[in-house]
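One structure below.
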Amino acid sequence: MTTAVTERKYLANAIRALSMDAVQQANSGHPGAPMGMADIAEVLWRDFLKHNPANPNWADRDRFVLSNGHGSMLIYSLLHLTGYELDLSELKNFRQLHSKTPGHPEYGYAPGIETTTGPLGQGVTNAVGMALAEKTLAAQFNRPGHDVVDHYTYTFLGDGCLMEGISHEACSLAGTLGLGKLIAFYDDNGISIDGEVEGWFTDDTSKRFEAYNWHVIADVDGHDANAVKAAVETARAETSKPTLIICKTIIGFGAPNKQGTESCHGAPLGADEIVAAREQLGWQHGPFEIPDDVYAAWSAKEAGAKAEANWQQRFNSYAQEYPELAAELKRRLAGDLPNDFVAQADAYIAKLQAEPADIASRKASQNALNTYGPLLPELLGGSADLAGSNLTLWSGSKGISKDDASGNYVFYGVREFGMSAIMNGIALHGGFTPYGATFLMFMEYARNAVRMAALMKQQSIFVYTHDSIGLGEDGPTHQPVEQIASLRMTPNMSTWRPCDQVESAVAWKYALMRKNGPTSLIFSRQNLAQQQRTNDQLKNIERGGYVLLDCEQAPELILIATGSEVALAVSAAKTLQASGHQVRVVSMPATDVFEQQDAAYREHVLPSAVTKRIAVEAGIADYWYKYVGLNGRIIGMTSFGESAPAGDLFKHFGFTTENVIATAQELLNA
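Going by UniProt numbering, the residue at position 402 of the sequence shown is 402; the numbering climbs one at a time, nothing skipped.
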């Protein structure tokens with residue numbers, strides 16, 4: 001390592017060597033991207049990235065997102081070399097069961113992984129969310145002379161990320177909001193899985209991002225450390241716009257027979273090619289062998305500890321001058337709720353039960369926000385251009401703009417997918433509890449981001465209104481049928497479909513208290529009749545399912561319902577009870593929560609001896625067989641909806657008291 005240039009190349013080659021060795025040992029993986037982006041990574045991580053390997057969760061660290069997550073050995077190599085708790089054995093165990101180095105970066109496995117990436121385009125969108133969170137948190141908490149929130153978000157992305165439509169949604173909004181501390185590096189190598197991208201991707205990326213109001217630095221030689229460093233310095237000097245640095249690179253750089261081609265994208269190089277690559281790179285070390293001088297040059301431990309200590313001193317000064325703000329920032333970064341939140345929420349719920357109102361659950365949701373919002377300044381809301389329909393704006397909502405980011409509400413525009421992945425980035429960043437809304441039907445546009453929230457166990461709150469054929473005249477394109485079942489079947493997703501304003505308030509309370517995963521809140525367009533409850537029934541709403549209307553003796557029939565159909569079930573049960581039948585009604589706003597209850601409670605609500613059961617829900621019928629059995633009955637949807645007034649549709653599809661009674665009588669007489 002005689003000169004700065006050769007030293008940089010030598011250090012970058014450590015990434016290349018580890019990446020090709022790990023992929024070869026696993027006999028699967030993607031060596032091309034790590035080898036092609038190694039020089040860029042070396043400059044960013046050694047010259048600019050503010051982080052502390054000893055404390056990967058330091059609040060004011062820079063965030064790094066590998067959006068082209070298939071190149072995961074790049075970030076694993078960086079974490080290992082800079083001193084995180086990711087030892088060489090984990091790199092040797094790449095892509096193996098229970099390793100910290102899965103095939104794509106997975107949040108929660110290795111320290112320093114900021115988000116799960118792999119579904120292309122979502123990483124850069126998470127990065128937009130992180131940069132938005134940084135800008136908003138800084139606007140809310142920084143004071144003159146006290147910049148306690150002051151960090152960058154960096155992201156690597158490739159052609160695939162730019163081809164995915166979500167990148168348009170997210171990057172367009174990032175430019176509009178002026179996220180000046182977001183810096184993206186585009187790995188412009190011209191290759192994807194199918195070969196040279198010029199056959200299917202001829203966009204003028206520079207003009208595209210300039211049109212988004214980004215700062216674009218084009219034609220940077222991604223293998224020239226000095227050029228990359230100059231580009232980053234220029235990017236950091238532009239604080240009013242996000243920056244895209246377009247780096248020309250060679251995929252698989254250093255593999256003499258495969259570099260620059262798709263053959264090194266998603267498969268091991270092979271033993272012979274690795275030998276040849278070592279020779280071409282001048283890397284005279286064996287597999288997984290890293291010399292001590294390389295480790296010493298890469299280590300970020302000392303610099304990271306110094307950076308965090310410096311920040312802690314600045315924070316202490318801030319706390320002396322602004323003690324209340326400092327305490328509030330610490331609470332929010334820790335994800336703790338205010339001490340009095342639960343008591344105030346419970347008082348509000350009891351008040352609703354005592355003061356009945358027949359309103360749409362979307363309106364009940366807005367009322368809950370008006371109560372909970374003032375208690376929770378960490379709420380960061382939004383809607384995909386449907387605020388007036390989703391009713392996500394509350395009395396204290398303030399829009400976030402390029403020039404004033406101190407608000408608590410994002411007007412996402414018609415960007416359901418982008419909104420949902422941005423919310424995940426906000427949740428991952430910390431300091432906020434994000435919620436975002438659209439019609440339930442358009443969850444489909446955002447489905448993969450919703451799944452990623454569940455996979456990463458992030459507290460993203462998805463608000464979905466217009467929950468059924470009750471939407472009415474807009475017709476089957478807007479009427480959800482299978483979506484609620486899809487959400488319920490997503491691991492780690494909690495899904496609530498409340499039947500009135502009381503259950504709606506409980507659903508919001510649950511979502512705000514749930515710190516280990518996302519929640520979907522499903523609300524109606526049409527008014528819902530408020531149900532009568534005892535105090536015990538009120539408490540049992542939080543258990544996901546409870547006996548809402550019981551009978552004098554052991555039940556011979558159980559009606560299970562959610563949402564707007566609970567009122568139908570109650571009406572039908574009362575008629576059946578009047579004719580001498582023992583009928584119980586179970587309201588089941590959250591099946592996943594009910595299934596987490598102990599066996600004794602579940603047996604109390606749904607006695608196994610009672611085999612005659614009917615489920616009533618204006619959603620796909622098949623989901624409910626798990627509760628009613630193959631001999632039970634389901635009044636649900638088996639087709640798409642139609643365009644007509646809601647009342648006509650409910651009658652047409654059998655969601656009437658008369659049909660519930662008729663179905664019950666048929667089952668009772670069977």
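Positions of the beta carbon are idealized from the N, C-alpha and C atoms, including for glycine.
This one's a predicted model, so the numbers in the text were calculated from it and none came from an experiment.
- Bridge-paired residues (DSSP) for residue 663: According to DSSP, residue 663 bridges with nothing at all.
- Query: What do you get for residue 653, buried or exposed, if any count of 16 or more other CB atoms within 10 angstroms of its CB means buried?
  - Reply: Result: buried.
- Query: Is residue 637 helix, strand or coil by DSSP?
  - Reply: strand
- Secondary structure of residue 146, DSSP reduced to three states: strand
- Query: Since residue 498 and residue 436 are thought to touch, with beta carbons under 8 Å apart, how far apart are those beta carbons, to the nearest angstrom?
  - Reply: Between residue 498 and residue 436 the beta-carbon gap is near 19 Å, outside 8 Å, which marks them as no contact.
- Nearest residue (CA-CA) to residue 137, options 354, 377, 219, 226: Just measuring C-alpha positions, the residue of 354, 377, 219, 226 sitting nearest residue 137 is 377.
- Do residue 35 and residue 252 have their CB atoms nearer than 8 Å? yes
- Query: In terms of residues, what are the limits of the beta strand (DSSP E) holding residue 571?
  - Reply: Segment 565 to 578 is the alpha helix (DSSP H) holding residue 571; no beta strand (DSSP E) there.
- Message: Does residue 262 come out as helix, strand or coil in the three-state DSSP assignment?
- Response: helix
- Would a C-beta distance cut-off of 8 Å place residue 409 and residue 386 closer than the cut-off? no
- Query: Relative to the ligand NAD, is the shortest distance from any of its heavy atoms to the C-beta of residue 544 smaller than 7 Å?
  - Reply: For the ligand NAD, the structure offers nothing, since it holds no ligand at all.
- Query: Which one of 558, 565, 502 has the shortest CA to CA distance from residue 539?
  - Reply: With distances taken between Cα atoms, residue 539 lies closest to 502.
- Segment limits, beta strand (DSSP E) that includes residue 323: Residue 323: not part of any beta strand (DSSP E); member of the alpha helix (DSSP H) spanning 323 to 334, first to last residue.
- Task: Classify residue 275 as helix, strand or coil using the three-state DSSP reduction.
- Result: helix
- Residues near residue 546 by beta carbon distance below 8 Å, same chain, minus five either side: 537, 540, 586, 587, 605
- Task: Can you grab the Cα-Cα spacing for the pair residue 173 / residue 354, in whole Å?
- Result: 44 Å
- Might you give, ordered along the chain, the residues of its own chain that have their beta carbon closer than 7 Å to the beta carbon of residue 344, omitting 5 neighbours on each side? 375
- Query: Under 8 Å, do residue 632 and residue 589 count as touching if we go by C-beta distance?
  - Reply: No, Cβ-Cβ distance for residue 632 and residue 589 is not below 8 Å.
- Query: Would you call the CB atoms of residue 129 and residue 581 closer than 8 Å?
  - Reply: Not a contact, by the Cβ cut-off of 8 Å.
- Item | Simplified DSSP state of residue 462, which is helix, strand or coil | strand
- Task: Might you give, ordered along the chain, the residues of its own chain that have their beta carbon closer than 7 Å to the beta carbon of residue 431, omitting 5 neighbours on each side?
- Result: 133, 137, 332, 333, 378
- Task: Can you tell me which of 361, 554, 644, 559 puts its alpha carbon nearest to the alpha carbon of residue 609?
- Result: When each option's Cα is compared against that of residue 609, the closest is 554.
- Distance between residue 155 and residue 127 (C-alpha atoms, nearest Å): 7 Å
- Query: Would you say residue 470 and residue 526 are within 8 Å of each other, going by their C-beta atoms?
  - Reply: yes
- Query: For residue 692 versus residue 530, is the C-beta distance shorter than 8 Å?
  - Reply: Residue 692 lies beyond the range of the chain shown here (1 to 670); nothing can be said about it.
- Secondary structure of residue 288, DSSP reduced to three states: coil
- By Cβ distance, which residues of its chain are closer than 7 Å to residue 2, with the 5 residues on each side in sequence left out? Residue confidence for residue 2 is low, a pLDDT of 44 falling below 50, so the modelled location carries little weight; the figure read from the coordinates is stated next. Excluding sequence neighbours, residue 2 sits near nothing in its chain.
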